[in-house]
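Have a look at the structure below, then the notes.
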Amino acid sequence: MGMYWGFHDVAEAGWFGDPQSVIVRKSDLFGFPLEAFTTDLTAVHRPLCISCTPLALNPPEKLPVRSRVPMSGKLVRKKQRNFEDGTRYDGGWERGLFHGQGTLTWANGCVYEGGFRRGERHGTGICTFPGGERYAGAWDKGKMHGEGTLEIKGRTLTGVWNQGVPDFNPPVDGYKRFVFPDGKGVYDGHWRGYKRHGQGSFAFSNGDVYEGQWSHGEMNGEGKYQHASGEMYKGQFKDGRMHGQGTYSWPSTRQCYTGKWKEGLRHGHGRHDFHSSSAGDDCDPETKTGGDYYDGEWKEGVMHGEGVFVDAGGERHAGLWVDGICPEVDFSHVPEGSGNFRYSFSGGTYEGEWLNRAPHGQGRMEYSDGTVYVGGWQDFKFHGYGKLVQRGVVFEGEWSEGRMHGSGSAGAVPEINDARVDVVGEQELAVEK
């Protein structure tokens with residue numbers, strides 16, 4: 001498709017010439033130098049992006065999702081929700097994220113109506129900015145991307161957008177190395193119809209690197225995703241998520257999982273090695289010595305179904321697992337009654353109050369994937385006031401039987417790395433480096 005732009009000057013004659021409607025090639029911009037036009041448009045466009053920054057329910061970069069906390073059901077199911085910063089959302093949800101059709105209104109007056117996917121503006125939508133500017137068209141991962149129209153200062157600009165900015169030099173079909181103008185990263189590979197398609201590598205601005213197959217702009221097929229932290233996934237992708245057969249390794253904690261994935265979560269049959277002697281690219285169980293491991297069925301990131309857990313001493317615990325717990329395993333060493341107790345198991349470590357051999361009351365759970373929850377418990381489920389920190393995103397508020405319930409808030413926080421989250425007093429939380 002050729003690169004054409006349509007301009008409708010209905011306000012000030014002279015900015016682009018006489019008031020008229022025209023369709024021109026990028027090289028025929030009324031005799032104005034391309035560089036001058038690009039600078040002018042960028043100057044007025046960038047503040048628009050800043051004034052309507054999406055609510056951060058996800059990490060800044062959309063990366064493959066690791067595992068999630070074993071909870072029963074979705075985090076949020078309500079259709080409408082008001083946030084503490086004045087932001088209001090009315091629309092569809094999926095797993096605690098904006099998903100489907102919805103309306104997001106910022107406190108500064110910016111309004112977006114249209115499609116959402118995994119917490120970001122995606123698909124077709126209309127965004128009205130505080131100054132009266134209006135964009136209608138395609139969105140991708142929270143940014144204007146694809147065919148769209150921007151109305152600004154009485155003028156209308158129609159054309160192709162690339163990750164939030166007008167694309168005056170869009171990649172053609174075939175191979176091209178492309179540096180994204182917003183600093184997102186560098187793509188080196190093949191394109192089709194202005195989208196990444198075929199074999200290619202993407203170096204993200206945060207140091208992560210993906211090498212593998214692409215389809216329609218997303219990671220699809222076989223690939224390798226190397227996190228800057230050292231963690232790595234090698235296997236199959238679908239629509240930008242780990243999906244199919246694959247291996248994920250955590251070198252810093254000497255953990256490794258090989259098996260089935262579904263939409264970024266361990267799902268199906270797989271083996272997870274804890275504190276193994278090696279966690280390399282192949283994650284071959286035959287090369288590992290020592291350490292606990294679980295071999296069996298998974299569901300939405302947790303052990304669920306038939307499986308066996310083998311500890312470092314060779315003791316086997318086989319049975320039917322439900323939400324990461326195997327009722328058939330002998331918990332005779334866990335004290336009866338209530339009180340404070342620290343207990344480590346394959347999924348993580350719990351420290352806090354117990355009742356009848358289950359977390360009950362106030363406690364802290366640190367899961368093997370780094371997720372931390374501090375707050376109220378009831379029968380091994382989040383219950384009451386609590387705070388969940390997962391991959392740099394915090395959910396804080398009231399919980400009921402493992403789900404967010406009543407008042408609460410969600411927002412992005414810096415990665416806590418090896419920080420420790422503790423309970424101070426009854427419900428106050430503190431993070432110590």
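Residues in the sequence shown are numbered from 1 upward in steps of one, following my numbering. Where is the CB? At the ideal position from N, CA and C, for every residue including glycine. Note that the structure is predicted; figures quoted are calculated from it, not measured.
(Q) Spatial neighbours of Gly217 within its chain, please: C-beta separation below 6 Å, excluding the five flanking residues on both sides. (A) Lys195, Arg196
(Q) Using the three-state DSSP reduction, which class does Ser205 fall into: helix, strand or coil? (A) coil
(Q) According to DSSP, simplified to helix, strand and coil, what is Thr128? (A) strand
Q: Determine the extent of the beta strand (DSSP E) in which Asp311 is found, giving its start and end residues.
A: Looking at the DSSP string, Asp311 is not in any beta strand (DSSP E), and its letter there is neither H nor E.
Q.
Using a 10 Å radius around the Cβ and a threshold of 16 neighbouring Cβ atoms, would you call Leu265 buried or exposed?
A. buried
Q. Residue ranges of each beta strand (DSSP E) run of no fewer than 3 residues wholly in the region 137-193, ordered along the chain?
A. 143-152, 155-162, 174-179, 185-192
Q) With DSSP run on the structure shown, which of helix, strand or coil describes Ser229? A) coil
Q: Below 8 Å on the Cβ atoms is my guess for Trp261 versus Gly244; work out the distance and round it to an integer in Å.
A: 6 Å
**Q.** Cβ neighbours of Gln163 in the same chain (closer than 7 Å, five flanking residues each side left out)
**A.** Lys143, His145, Phe180, Asp182, Lys184
Q) Which term fits Leu320, buried or exposed, when burial requires 16 or more other beta carbons within 10 angstroms of its beta carbon? A) exposed
Q: Report the rounded CA-to-CA distance for Val322 versus Gln199, giving the unit in angstroms.
A: 40 Å
Q: Could you check the C-alpha separation between Glu133 and Glu113 for me, to the nearest Å?
A: 14 Å
Q) Should Thr258 go down as buried or exposed, given a rule of 16 or more other Cβ atoms within 10 Å for buried? A) buried
**Q.** Bridge-paired residues (DSSP) for Asp436
**A.** Look at the range of the chain in this structure, 1 to 433, and you will see that residue 436 is not part of it.
Q: Thinking Thr128 and Cys110 are a contact (beta carbons under 8 Å), I'd like their distance in whole angstroms, please.
A: 7 Å
Q: Please report how far the alpha carbon of Gly115 lies from the alpha carbon of Leu97, in whole angstroms.
A: 12 Å
Q | Cut-off 7 Å between Cβ atoms - residues of its own chain near Glu306, not counting five sequence neighbours on either side | A | Gly296, Glu297, Leu320
Q: Give the straight-line distance between the Cα atoms of Met365 and Asn220, rounded to the nearest whole angstrom.
A: 34 Å
Q) Do the CB positions of Gly375 and Gly392 come within less than 8 Å of each other? A) no
Q: Would you kindly work out how many angstroms separate the C-alpha atoms of Arg68 and Glu401, rounded to a whole number?
A: At Arg68 the pLDDT is 31, less than 50, meaning the model places this residue with poor confidence; the figure from the coordinates comes in the next sentence. Their Cα atoms are separated by approximately 16 Å.
Q: Measure from the alpha carbon of His383 to the alpha carbon of each residue in Val372, Gly301, Gly397, then state which is nearest.
A: Gly397
Q.
Going by C-alpha to C-alpha distance, which of Gln236, Ser249, Leu388, Gly313 sits closest to Val229?
A. A small fix is needed here, since residue 229 is Ser in this sequence, not Val. Per the Cα distances, Ser249.
Q | Beta-ladder partner(s) of Arg95, from DSSP | A | None; Arg95 has no bridge partner.
Q. Which residue comes first and which comes last in the beta strand (DSSP E) that contains Ala318?
A. 316-321
Q: Please name the residue, chosen from Glu84, Gly100, Glu263, Arg121, that lies closest to Ala107 on a Cα-to-Cα basis.
A: Glu84
Q: Just grab the DSSP bridge partners of His267 for me.
A: The partner list for His267 (beta bridge, DSSP) is empty, contrary to what the question assumes.
Q) Between which two residues does the beta strand (DSSP E) carrying Thr247 extend? A) 241-250
Q: Give every residue of the same chain whose Cβ lies closer than 6 Å to the Cβ of Lys381, excluding the five residues on either side of it in the sequence, and list them in chain order.
A: Glu401, Gly402
Q) What did DSSP end up calling Thr253 once you bin it into helix, strand or coil? A) helix
Q. Exposed or buried, which one is Val24 when buried takes at least 16 other CB atoms within 10 Å?
A. Note that Val24 scores a pLDDT of 27, beneath 50, so its modelled location is shaky and nothing firm can be said.
Q. Is Tyr175 buried or exposed, if buried means 16 or more other CB atoms sit within 10 Å of its CB?
A. exposed
Q.
If I follow the unbroken beta strand (DSSP E) through Arg364, where does it start and stop?
A. 359-367
Q) Hey, how far is the Cα of Gly193 from the Cα of Arg177? A) 15 Å
Q.
Is it buried or exposed, Gly207, if we count other Cβ atoms within 10 angstroms and call 16 or more buried?
A. exposed
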